[in-house]
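Encoded as structure tokens, the structure appears first; notes follow it.
There are 4 protein chains.
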Amino acid sequence: MSYDVRTRLSELRREFHRHPEPGWREFRTTDRIVAELERIGVDEVAVGRECLASDARMAVPDEEEIEPWLERAREAGVRDDILELTADGHTGVVAVLECGEGPSVGLRVDMDATAIEESTEAGHRPADEGFRSEHDGYMHACGHDAHISMGLGTLEAVRDSDFSGTFTVFFQPAEEISGGGKAMAEGGYLEGVDDLFAVHLGLGQPTGTVVAGVEKPLAMAHITATFEGASAHAGTAPNEGANAMQALATAIQNGYAIPRHNDGMTRVNFGSVEGGTASNVIAEEITLEGEVRGETTALMEYTRTELERVCYAAAEMHDCDVTPRVISESPSVDSDPELRDLVGSVARRTDGVTRVVDTAELGASEDATYLMERVQESGGLATYVLVGTDHPTNHQTPTFDIDEASLEIGVSVLTEAVLECERRRS
Amino acid sequence: MSYDVRTRLSELRREFHRHPEPGWREFRTTDRIVAELERIGVDEVAVGRECLASDARMAVPDEEEIEPWLERAREAGVRDDILELTADGHTGVVAVLECGEGPSVGLRVDMDATAIEESTEAGHRPADEGFRSEHDGYMHACGHDAHISMGLGTLEAVRDSDFSGTFTVFFQPAEEISGGGKAMAEGGYLEGVDDLFAVHLGLGQPTGTVVAGVEKPLAMAHITATFEGASAHAGTAPNEGANAMQALATAIQNGYAIPRHNDGMTRVNFGSVEGGTASNVIAEEITLEGEVRGETTALMEYTRTELERVCYAAAEMHDCDVTPRVISESPSVDSDPELRDLVGSVARRTDGVTRVVDTAELGASEDATYLMERVQESGGLATYVLVGTDHPTNHQTPTFDIDEASLEIGVSVLTEAVLECERRRS
Amino acid sequence: MSYDVRTRLSELRREFHRHPEPGWREFRTTDRIVAELERIGVDEVAVGRECLASDARMAVPDEEEIEPWLERAREAGVRDDILELTADGHTGVVAVLECGEGPSVGLRVDMDATAIEESTEAGHRPADEGFRSEHDGYMHACGHDAHISMGLGTLEAVRDSDFSGTFTVFFQPAEEISGGGKAMAEGGYLEGVDDLFAVHLGLGQPTGTVVAGVEKPLAMAHITATFEGASAHAGTAPNEGANAMQALATAIQNGYAIPRHNDGMTRVNFGSVEGGTASNVIAEEITLEGEVRGETTALMEYTRTELERVCYAAAEMHDCDVTPRVISESPSVDSDPELRDLVGSVARRTDGVTRVVDTAELGASEDATYLMERVQESGGLATYVLVGTDHPTNHQTPTFDIDEASLEIGVSVLTEAVLECERRRS
Amino acid sequence: MSYDVRTRLSELRREFHRHPEPGWREFRTTDRIVAELERIGVDEVAVGRECLASDARMAVPDEEEIEPWLERAREAGVRDDILELTADGHTGVVAVLECGEGPSVGLRVDMDATAIEESTEAGHRPADEGFRSEHDGYMHACGHDAHISMGLGTLEAVRDSDFSGTFTVFFQPAEEISGGGKAMAEGGYLEGVDDLFAVHLGLGQPTGTVVAGVEKPLAMAHITATFEGASAHAGTAPNEGANAMQALATAIQNGYAIPRHNDGMTRVNFGSVEGGTASNVIAEEITLEGEVRGETTALMEYTRTELERVCYAAAEMHDCDVTPRVISESPSVDSDPELRDLVGSVARRTDGVTRVVDTAELGASEDATYLMERVQESGGLATYVLVGTDHPTNHQTPTFDIDEASLEIGVSVLTEAVLECERRRS
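Protein chains in written order, with our numbering: chain Z, 18 to 443; chain U, 18 to 443; chain G, 18 to 443; chain P, 18 to 443.
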């Protein structure tokens with residue numbers, strides 16, 4: 018790979034890093050991807066509602082939460098035609114390269130950021146080298162900035178190769194909130210895809226390692242529960258009203274204490290909470306946001322059912338009402354051994370790859386599983402590839418960063434894998 | 018009392034009712050009081066920082082919370098000179114009537130509203146008759162609108178009487194958050210006051226009842242506690258980080274379970290909560306607001322100390338940090354029997370008063386106690402008078418309302434009490 | 018009072034102190050009281066089932082809990098006729114002194130001990146002077162030993178006086194567990210009683226103080242709740258079974274957090290717990306014992322209803338069953354002012370009494386209220402008298418003790434009160 | 018295998034089933050094993066303290082808990098010499114068969130029962146066929162009765178074979194409470210053992226299945242925590258004392274909520290609780306028994322450390338003291354592949370074996386790991402063999418039972434494995 022390509026991969030990643038946007042609000046990100054695609058030259062670009070099944074979107078924020086990001090995008094000069102296609106939570110892009118006869122191969126990357134304030138401390142490279150997040154309270158703390166860069170890089174490399182077939186790259190929005198996978202899976206562009214790759218950097222794997230296909234991504238459901246009681250004056254009528262605060266505390270304590278399951282790994286978390294009005298008023302309404310996960314879909318559903326019971330009983334204990342709602346979810350899907358083997362053999366001959374792992378557990382959730390599931394159900398193959406990268410701290414922490422050398426490794430492995438799909442069939 | 022006066026008392030009350038403003042943000046309210054005082058004609062009007070000890074203010078909201086109210090006040094045409102005197106949380110007014118030789122008598126009323134969304138349902142008179150709150154999410158749910166009206170009405174009635182002496186009315190801001198009492202007590206205008214009346218409507222007493230002086234207002238402290246942990250990915254690193262959400266739940270559950278005290282009544286409440294970022298991130302920071310009360314200052318302090326221990330232990334249990342802070346507080350002060358007797362005898366001969374209660378427990382907190390305490394310490398007398406009013410539902414509920422017939426009763430009793438202060442000394 | 022009498026009062030009290038017996042198991046205590054009554058010489062002695070309404074007994078322990086105490090009593094030489102009358106939880110004695118024409122006056126004392134291990138530390142007089150409890154795990158930690166002594170002493174003093182009328186002393190069993198009051202109230206010997214005194218030492222009042230009649234004894238209900246789940250292996254099937262331990266913890270936390278009531282004092286306590294089998298088995302069954310109290314019967318019932326809801330919701334949360342049961346209870350009854358005044362005037366002229374308080378709140382529960390209620394409902398009068406005693410530590414603590422000088426004061430006041438009942442009517 | 022042998026295996030198992038004895042109290046069980054060994058004829062029998070490292074015993078019950086079982090054993094005619102060797106918690110037997118030159122092979126079985134009341138319902142074969150537990154509240158709910166039978170059967174079969182070498186069977190006490198493994202591992206008879214087999218029936222595997230060697234037995238620690246507060250009268254002094262009941266509930270709730278760990282499976286359970294005295298007394302002392310487990314020793318230690326912090330913080334929150342103590346523990350040790358393969362190949366040619374699984378996770382804890390660890394550290398090999406058995410309900414439930422056909426399968430596999438150890442070396 019030329020010096021220029023390496024440099025562009027880093028530059029692109031750093032530019033996206035500076036402008037993190039949360040799920041369904043990736044307006045500027047979409048605009049920049051489209052601009053790059055136009056530079057590269059592809060056969061078809063589908064933006065926002067052109068590539069999404071609108072009804073299948075999940076966890077779409079309300080207008081009030083979207084507005085400031087739209088405003089910021091407008092100020093940054095995002096094109097009107099793109100704003101029109103993406104408004105109301107319809108971000109995302111699909112790019113298609115038609116290269117004659119041959120297999121239809123897909124690559125899925127994600128593009129959203131998370132609500133974490135990026136570190137300013139010395140030693141954190143994005144801060145030191147001037148590409149720290151410019152959006153207060155948000156950052157690319159999971160590497161999706163790099164995923165976009167790799168998606169674009171692979172597209173360019175395939176274009177420049179002698180690949181014969183169709184290559185489609187899915188820039189999927191709203192992965193962090195499990196909101197976009199299903200909508201993109203059902204958006205039309207997955208039809209006819211024979212082989213699908215999804216890719217993620219890091220997750221504990223160092224630079225040089227490639228995991229050819231993960232298994233057991235955690236099935237996940239994102240849940241909100243609003244406890245509704247009745248307010249009363251805490252000084253003169255402590256026995257009246259119905260205390261949503263006590264219902265909340267009971268739900269949190271018992272929710273975290275949902276028993277482990279003998280069949281495998283489960284997870285419970287309550288990530289945010291907000292409600293009540295004043296210190297002297299019995300709280301009338303409090304909203305709790307959380308999630309459950311499981312090593313299998315059944316384990317996730319066990320945990321979700323228990324969580325719902327906990328919420329109902331906590332409400333009843335304090336004479337409150339509650340209706341836990343599933344905001345978004347994603348299934349657990351394993352990688353296909355055949356495609357995994359293809360990636361493994363390609364990776365073994367790639368420069369910079371020092372260790373190839375056939376398969377590993379993901380230990381996290383991913384709504385790429387919706388795309389993988391759809392391809393598999395249509396008779397195609399799918400694998401979820403991990404490209405190792407040295408990251409100084411965990412994903413989803415204020416000092417998360419990647420080793421940019423892994424960008425080139427990722428692009429090389431993915432490009433070769435795409436080409437191998439064609440070779441294998443001929 | 019003339020038909021006109023009765024009408025004006027109601028009209029004023031309804032106007033204030035339509036424009037509720039929370040503590041330290043009563044810009045429009047201050048402006049309207051000043052306008053009425055200018056209409057009535059008084060000898061001195063001190064506004065905002067002119068009548069407050071700035072450093073003694075408590076629970077002052079931050080700029081961000083003040084700004085929208087300031088903006089709204091500007092749009093409503095509040096005078097620039099008043100905005101200047103009240104900006105940065107310096108609302109409130111003191112009005113002085115100099116009527117020659119004689120005792121210095123004071124009357125304290127409060128003027129702030131609470132963060133409760135007013136009911137729109139039929140049967141709720143403010144909704145039916147068009148004077149429901151115009152500020153979403155806020156309402157006069159404790160009758161302070163009526164208190165202002167009574168303060169102005171009494172001032173006008175004393176002006177029109179043959180009272181000889183000095184009469185000062187303290188329109189105190191930020192009572193609901195116990196923020197303004199201390200600052201007004203130390204603001205200078207209480208010096209030399211011989212007899213101080215504070216007044217409240219309702220609190221369970223029906224129209225026609227007057228309580229000459231309450232005892233045992235609950236001592237109170239308003240407390241916030243921010244639990245600070247460390248974020249981590251809830252799916253891939255549930256054992257890392259330090260979970261502020263679990264610390265929170267443990268604190269709430271154990272806080273409400275602080276033992277009752279054998280010496281008398283105590284109260285604990287957590288009224289609002291906010292924190293965390295996303296459902297898949299271990300919550301790093303959550304803020305809890307609450308309060309403790311006690312029948313005596315010692316009982317309040319017992320409860321506060323226990324609450325602090327609960328917070329520290331809850332944080333430690335989950336490896337978090339917390340520093341509970343007292344935002345505002347008020348002591349417990351009893352009414353003076355001598356002044357109570359004066360009010361009782363005056364009330365017994367007032368039209369509309371059907372029942373006089375010498376003394377009753379307040380069952381709530383009041384930072385009027387700061388003013389009462391200061392007068393008592395300077396050798397004066399103070400009493401806290403309850404004027405009954407039929408209220409369809411409890412204070413601090415969305416359908417709270419008053420019987421406006423009680424406005425006239427209140428003004429009559431207070432005016433006569435002021436006059437009696439002079440007579441008694443002569 | 019003679020030196021001999023004073024000495025005998027102390028000696029008796031110390032003997033009873035050495036042999037504490039819990040409710041419905043006061044076999045030896047009953048035997049010793051009967052022996053003293055025979056020494057004193059009274060007109061009628063009714064023992065156990067002779068003086069109790071058997072069906073009205075509450076909180077009767079099961080055979081297994083009674084047996085060891087019966088056995089111990091047999092070994093201590095308790096008479097067979099007494100064992101026969103008291104077996105199966107029918108302890109207690111009524112003694113009647115017929116002294117001709119005149120009013121029927123009653124005195125009620127209690128006789129049971131509590132399950133507290135008495136202190137052995139130096140400075141604890143019963144330990145220092147050799148009359149510490151000889152029954153491990155039990156002690157007279159509430160002064161009932163002294164109450165028996167005062168009952169016997171008053172009986173002897175009335176016998177030796179010129180009292181004309183009927184004097185009945187009720188040695189009531191099982192007060193600590195609120196089990197005996199109702200059964201003795203309905204046992205027949207209260208019929209025709211014109212004036213009833215109940216007496217208690219201490220409760221924070223020092224030696225020399227007499228409270229002529231308490232008001233607001235706390236209404237009380239003693240409750241047990243058995244949480245029934247399903248066992249499973251905690252290592253291999255943590256998600257199976259139904260965890261009674263988690264239901265228990267949820268009930269305890271939320272039970273203590275039942276809101277205070279604006280109408281007055283309430284109490285909640287869980288005093289003992291037992292259940293589960295082994296550390297590696299999900300707990301199938303756990304029993305929790307507790308109580309609720311209220312300043313009025315209505316407040317007690319509010320708290321009981323809330324506690325029941327807490328238990329049901331806690332069980333439901335963890336898929337367990339529970340049926341909270343009321344084991345025993347007692348109402349709240351005030352002393353009659355007329356009889357209170359009589360005690361007050363008598364006390365004021367009694368040697369050793371330095372302070373007479375007309376009335377005070379009890380701050381505790383007492384099933385003497387059943388006897389008082391019955392007398393009042395039949396047209397008689399009743400008062401509950403407190404005789405102060407210096408006690409080094411609180412009631413129900415391992416180092417509780419009394420000042421024996423108060424025994425003589427109590428006997429003097431009670432004897433004079435009995436005589437005054439006659440005088441007043443003649 | 019002859020009809021007689023099959024019959025004897027069942028008869029023996031049923032006899033042990035009728036007389037379940039908990040850990041360190043297997044007096045009758047020890048006596049019966051010795052009698053059978055004498056019938057079989059072995060070269061050395063070491064009983065109780067002869068085969069245990071006394072100081073390495075864990076979870077030894079106190080005298081009071083041992084006494085009734087000793088008494089019952091005496092009444093059942095257990096020999097005096099055996100009682101002497103086993104008294105004070107020194108149960109267990111080691112039997113040695115010296116058969117000339119050859120390898121030293123060991124077999125470890127366990128022998129204790131659990132505190133579960135056996136079902137009496139129809140369809141539960143032990144109840145139907147008259148061999149239900151005769152010890153109320155205890156039963157062989159984990160199959161150790163069958164393990165003893167298999168140990169004796171294997172011994173007899175090896176004796177009757179042409180095995181050349183040393184064969185030692187370890188009848189280990191107190192497995193359920195993880196109390197005996199370490200003491201037997203250090204008791205001397207494991208010295209020189211080249212190959213060690215441990216065996217367990219069932220655990221979800223059906224009759225006909227053999228698992229040649231388990232991996233990842235859960236590391237375990239059994240913990241007790243006594244919360245020590247201060248008693249006070251719940252009615253008159255609710256604010257005094259220090260409430261062990263509240264500390265308990267806080268510990269249970271937060272203990273079950275200890276976060277899952279990303280490295281693998283963990284377990285937390287609180288299995289039993291007892292404390293407090295009376296419903297009207299603030300609980301002074303409550304003891305909680307629980308356990309933690311982990312897929313690795315490190316994971317167990319993570320959970321234990323967190324549990325300790327939870328206990329300390331819960332105590333501090335309520336002004337109580339606590340010192341969590343580890344009563345017993347066991348490490349996690351994997352089976353050796355070489356010995357596992359030996360068992361697998363033997364099992365494949367054994368009658369009745371329909372399926373051989375090379376390795377499976379145990380999903381439970383086992384203190385056989387102490388013996389395995391010691392052999393491995395000395396250069397020998399060890400494997401933990403599962404012999405499938407159809408069991409109608411889970412281990413540790415009142416209706417647990419086994420399919421006795423599995424006894425013969427187990428004896429055949431184990432005997433052949435012992436012989437194979439010799440063959441392999443020659």
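All C-beta atoms, glycine included, are put in the ideal place defined by N, C-alpha and C.
Residue i to residue j, Cα distance in whole Å?
i       : j       : result
A132(U) : A381(U) : 18 Å
V327(P) : H335(U) : 8 Å
G361(Z) : T376(Z) : 9 Å
L359(U) : P276(U) : 40 Å
S296(U) : F244(U) : 17 Å
F417(U) : A158(U) : 6 Å
L26(P)  : A251(U) : 52 Å
Run the CB neighbour count on residue i, radius 10 Å, all protein chains shown included, and call it buried at 16 or more, exposed below.
i       : result
T406(Z) : buried
A236(G) : buried
R391(Z) : buried
D177(U) : exposed
Taking the continuous beta strand (DSSP E) assigned at residue i, which residues delimit it?
i       : result
D375(Z) : 372 to 378
D127(U) : 121 to 127
E61(G)  : 61 to 64
Y401(Z) : 398 to 404
M237(U) : 236 to 245
Q263(U) : From DSSP, Q263(U) is part of no beta strand (DSSP E) but of the alpha helix (DSSP H) over 261 to 273.
Under 8 Å by Cβ, that's how I've got residue i and residue j pegged, so tell me the actual separation to the nearest angstrom.
i       : j       : result
S349(P) : T386(P) : 7 Å
S248(P) : T414(G) : 6 Å
What span of residues does the alpha helix (DSSP H) with residue i cover, start to end?
i       : result
V360(G) : 354 to 365
Q222(Z) : No alpha helix (DSSP H) holds Q222(Z); DSSP gives it neither H nor E.
Item to check | Residues within the stretch 248 to 281 of chain G neighbouring chain U, beta-carbon criterion of under 7 Å | outcome: Q270, Y273, A274, R277, N279
Next on the checklist: Residues of the stretch 288 to 322 of chain Z in Cβ contact with chain U at a cutoff of 7 Å, in chain order, please.
Outcome noted: G288, S289, V290, E291, G292, G293, T294, A295, S296, N297, V298, I299, A300, I303, E306, G307, E308, R310
Next on the checklist: Beta carbons nearer than 7 Å to chain U: which residues of the stretch 124 to 149 of chain Z have them?
Outcome noted: Within the stretch 124 to 149 of chain Z, the residues whose Cβ lies closer than 7 Å to some Cβ of chain U are T131, A132, I133, listed in chain order.
Item to check | Within 9 Å of chain P by C-beta, residues of the stretch 53 to 75 of chain G in sequence order | outcome: none
Next on the checklist: Any C-beta of chain G within less than 9 Å: which residues of the stretch 377 to 391 of chain U qualify?
Outcome noted: Answer set for the stretch 377 to 391 of chain U: G380.
Item to check | Proximal residues, the stretch 330 to 345 of chain U versus chain P, C-beta separation under 9 Å | outcome: A330, A331, A332, E333, M334, H335, D336
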